[in-house]
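The opening residue of the sequence shown carries number 7 in the numbering used here; numbering runs sequentially from there.
The structure under discussion appears below in the form of structure tokens.
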Amino acid sequence: MAGIFRKNDTAGRAAGLPRHIAIIMDGNGRWATRRGLPRTAGHKAGAETFRRIATYCKNIGVQYLTVYAFSTENWKRSADEVGAIMGLLKKYLLEAVDTMEKDQIRLRFFGDMTPIAPELQALAQQTDAISDQLAPGDFQANICLNYGGRDELLRGIRRFAAECAAGEKKPEELDEGLFSSYLDSAGIPDPELIIRPSGELRLSNFLLWQCAYSEFYFTDVLWPDFDEAEMDRAIAAYQARDRRFGGVKK
Ligand code: FPP
Numbered sequence: 007m008a009g010i011f012r013k014n015d016t017a018g019r020a021a022g023l024p025r026h027i028a029i030i031m032d033g034n035g036r037w038a039t040r041r042g043l044p045r046t047a048g049h050k051a052g053a054e055t056f057r058r059i060a061t062y063c064k065n066i067g068v069q070y071l072t073v074y075a076f077s078t079e080n081w082k083r084s085a086d087e088v089g090a091i092m093g094l095l096k097k098y099l100l101e102a103v104d105t106m107e108k109d110q111i112r113l114r115f116f117g118d119m120t121p122i123a124p125e126l127q128a129l130a131q132q133t134d135a136i137s138d139q140l141a142p143g144d145f146q147a148n149i150c151l152n153y154g155g156r157d158e159l160l161r162g163i164r165r166f167a168a169e170c171a172a173g174e175k176k177p178e179e180l181d182e183g184l185f186s187s188y189l190d191s192a193g194i195p196d197p198e199l200i201i202r203p204s205g206e207l208r209l210s211n212f213l214l215w216q217c218a219y220s221e222f223y224f225t226d227v228l229w230p231d232f233d234e235a236e237m238d239r240a241i242a243a244y245q246a247r248d249r250r251f252g253g254v255k256k
């Protein structure tokens with residue numbers, strides 16, 4: 007298969023490397039079960055895949071990578087599994103505090119952090135503060151934690167409504183640009199490409215506003231097995247799409 011177009015490739019820029027890729031990291035549980043391992047082993051492998059794919063995205067010149075790590079619905083899982091996922095996030099944040107400056111990786115969180123353990127919240131504040139010091143053009147990973155697309159929309163709408171009630175905003179001022187600024191993704195371009203591994207063909211409450219014109223790539227590969235070659239396939243598929251945004255082909 008032809009290689010994808012990369013950062014330092016002029017033709018590649020013209021062909022359009024996505025600036026923002028979003029991934030539903032699905033299939034960790036099945037990956038583990040197939041190996042006779044506990045589900046938590048799948049999440050551990052999934053966290054490794056995230057590290058690897060984030061590095062790859064940064065290296066090829068993707069600017070934003072958004073991953074779905076824990077949804078507003080994932081609290082329904084066993085305390086063991088929830089604890090394991092939170093533990094993996096903590097481990098990653100502890101590492102990130104030491105390495106993100108050197109690696110020039112900005113890290114942001116999407117989601118409602120209020121029910122998240124104070125220790126994890128404090129680490130997220132630390133990585134936020136480090137990200138503020140890095141250049142806006144540096145690679146940015148967005149981790150969706152206690153995130154739901156509907157919840158994000160409701161939080162944004164409540165905030166705008168409260169500002170209207172306080173006389174700071176007027177309902178008629180609201181347009182798509184202003185509304186986007188009330189979302190967790192404020193200031194970040196919409197993802198051109200959304201990837202869901204593991205064979206599931208649904209969005210599961212992910213980036214509901216931002217996905218309006220995203221291209222979707224589905225693959226049967228389970229997230230822990232997702233690698234650079236699979237990312238190349240996803241990007242090549244995206245680059246072969248005819249994006250018309252409701253217009254007609256010129
Ligand atoms: C979905 O697979 C995966 C999750 C709900 C958790 C994803 C979390 C991680 C990969 C760890 C996060 C850590 C970092 C560092 C970002 P599933 O469990 O629903 O899989 P299944 O459908 O096969 O059961």
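The C-beta atom is built at its ideal place from N, Cα and C for all residues, glycine as well.
- Around the C-beta of residue 120, fewer than 16 other C-beta atoms lie within 10 Å, and the residue is accordingly described as exposed.
- Listed in chain order, the alpha helix (DSSP H) runs fully inside the region 33–119 are 34–40, 45–66, 85–109, counting runs of at least 4 residues.
- For residue 221, the enclosing beta strand (DSSP E) covers residues 221–224.
- Annotated three-state conformation of residue 147 is strand, per DSSP.
- Each of 202, 150, 251 was checked against the Cα of residue 117, and the nearest Cα belongs to 150.
- Of the residues assessed, residue 50 falls on the buried side of the cut-off, its CB having 16 or more other CB atoms within 10 angstroms.
- Counting every other CB atom within 10 Å of its CB across the protein chains shown gives residue 28 a total of 16 or more, marking it as buried.
- Taken atom to atom, the span from the alpha-carbon of residue 250 to that of residue 215 is near 18 Å.
- About 6 Å separates the beta carbon of residue 24 from that of residue 244, a gap short enough to meet the 8 Å contact definition.
- Contact annotation: residue 222 and residue 239 have beta-carbon atoms that are not nearer than 9 Å.
- Relative to the ligand FPP, residue 206 has its C-beta within less than 8 Å of a heavy atom.
- The ligand FPP has no heavy atom closer than 8 Å to the beta-carbon of residue 120.
- For residue 49, the CB falls within less than 8 Å of some heavy atom of the ligand FPP.
- One thing to note: residue 224 has its Cβ within 9 Å of the Cβ of residue 205.
- Distances taken from the Cβ of residue 75 to the heavy atoms of the ligand FPP include one shorter than 8 Å.
- With a cut-off of 8 Å, the C-beta of residue 105 is classified as distant from the ligand FPP, since no heavy atom of the ligand falls inside that distance.
- Given a length threshold of 4 residues, each whole run of the alpha helix (DSSP H) inside the region 209–253 is given here in chain order: 234–245.
- Residue pairing for residue 29: DSSP places it in a beta bridge opposite 73, 201.
- Each residue's CA atom was taken as its position, placing residue 39 and residue 208 some 22 Å apart.
- Distances between the C-beta of residue 148 and the heavy atoms of the ligand FPP are all 8 Å or more.
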